[in-house]
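Numbering of the sequence shown is given in our numbering, commencing with residue 61 and proceeding in unit increments. Below: one structure, written as structure tokens.
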Amino acid sequence: MTSSDAFREDLAWQAHRALELGRALCACEGRHHWSYAVLRAAGITSIGSEEPLMASLMTPLIGDHARVMIGGSADLGLLCFVGRCAAARNPRITVIDRCRAPLALIEEFTASRNIACRTLRMNLLTLDDREQWDVIFLHHTAEFFDAPSRAQFFERISASLAPGGHLVCATMSAQKLAPEKQAELEAEFRGHTVNVFRQSPLAEREDGPELERLLGDYAKARAARRMGYPSDDDVYEDFRRAGLQILSEHALPVKWTFSKVDAAPGSIRKFVIIATRD
Ligand SMILES: C[S@@+](CC[C@H](N)C(=O)[O-])C[C@H]1O[C@@H](n2cnc3c(N)ncnc32)[C@H](O)[C@@H]1O
Numbered sequence: 061m062t063s064s065d066a067f068r069e070d071l072a073w074q075a076h077r078a079l080e081l082g083r084a085l086c087a088c089e090g091r092h093h094w095s096y097a098v099l100r101a102a103g104i105t106s107i108g109s110e111e112p113l114m115a116s117l118m119t120p121l122i123g124d125h126a127r128v129m130i131g132g133s134a135d136l137g138l139l140c141f142v143g144r145c146a147a148a149r150n151p152r153i154t155v156i157d158r159c160r161a162p163l164a165l166i167e168e169f170t171a172s173r174n175i176a177c178r179t180l181r182m183n184l185l186t187l188d189d190r191e192q193w194d195v196i197f198l199h200h201t202a203e204f205f206d207a208p209s210r211a212q213f214f215e216r217i218s219a220s221l222a223p224g225g226h227l228v229c230a231t232m233s234a235q236k237l238a239p240e241k242q243a244e245l246e247a248e249f250r251g252h253t254v255n256v257f258r259q260s261p262l263a264e265r266e267d268g269p270e271l272e273r274l275l276g277d278y279a280k281a282r283a284a285r286r287m288g289y290p291s292d293d294d295v296y297e298d299f300r301r302a303g304l305q306i307l308s309e310h311a312l313p314v315k316w317t318f319s320k321v322d323a324a325p326g327s328i329r330k331f332v333i334i335a336t337r338d
């Protein structure tokens, strides 16, 4: 049995290794997998302070030897979160991503800690129902799809859920913004991340100018994603059309107080939906 201790993360090591793997393997928009682990190590993104709430939702859903799919994972964070929740139940974890870089990081990590975990490099839109999972965990992956492909994405996810299985989906909804707000959003996020990065111990260890360029690329891609966030109604309609029945919904705090664009109350919402197949 793997102990939950095996899932402790070393964020500084991960940031360094993710940069090396990102350079070699990631051609994603915004060079997502170069910068993501750096953002985490600087305390900017991922589950972080949401872990107690997320764990209270996730842990009861994972039974002994449950088949767990993590759909989209930028680094080790989601795997380690699931492991900390449920290592004692020996879950059979599969991590799916379209990019080789995070999967290579996961493979190195799991080999070094003797953790059983399967990685699959594939487009989540091509999932079919030949393999099904008891728990599917999506942590802000839906935001990577535009409206038509998001509907298709949830249909594929629904088809991949075993009867009686559960979907745990952390996602965002937001009010639509005027197109000219995109540049403002990008500048806000770039300014914020570069400041936080400069104050973090990573700034001394890594190549500062290269990282600041990467954070700029990331900010651009992130602002573009924010422009496409669905409304609440769009989210509920995607679930309904995919045959997913919402069992509960849980608000998460939105932390980026640096944003003027999204400062208006109700402008943006972050939440977790627990759903099952109709
Ligand atoms: C926001 S990340 C998830 C990050 C997550 N919050 C975390 O902590 O790792 C979304 C992931 O989904 C992956 N992704 C996006 N679209 C995909 C697709 N069509 N098929 C497979 N993976 C996809 C991206 O490569 C990225 O690693």
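Glycine residues also receive a C-beta, built at the ideal position from the N, C-alpha and C atoms. This structure is a prediction, so every number in the text was calculated from the model and none was measured.
The beta carbon of residue 119 sits closer than 8 Å to the beta carbons of 145 and 146 from its chain, once the five residues preceding and following it are set aside; these are given in chain order. Shortest gap from the CB of residue 157 to any heavy atom of ligand 1: under 7 Å. The beta carbons of residue 91 and residue 221 sit no closer together than 8 Å. Within the DSSP bridge table, the entry for residue 309 names 333 as partners.
For residue 181 against residue 163, the beta-carbon gap comes to about 6 Å, under 8 Å, which counts as contact. For residue 331 and residue 202, the gap between their C-alpha atoms comes out near 12 Å.
With fewer than 16 other Cβ atoms inside 10 Å of its own Cβ, residue 320 counts as exposed. With a cutoff of 7 Å, residue 185 counts as near ligand 1, since its C-beta is closer than that to a heavy atom of the ligand. For residue 126 against residue 195, the beta-carbon gap comes to about 6 Å, under 8 Å, which counts as contact.
Taking the C-beta atoms as reference points, residue 304 is found nearer than 8 Å to residue 214. According to DSSP, residue pairing for residue 131 in a beta bridge involves 156. Not one heavy atom of ligand 1 lies closer than 7 Å to the C-beta of residue 63. Taking 7 Å as the cut-off, the C-beta of residue 197 does not count as close to any heavy atom of ligand 1.
Between ligand 1 and residue 95, a heavy atom-to-CB distance of less than 7 Å is absent. Inter-segment contact for the region 166-179 and the region 82-90 is absent: fewer than three beta-carbon pairs are separated by less than 8 Å. Put simply, the backbone Cα of residue 122 is about 44 Å away from that of residue 240.
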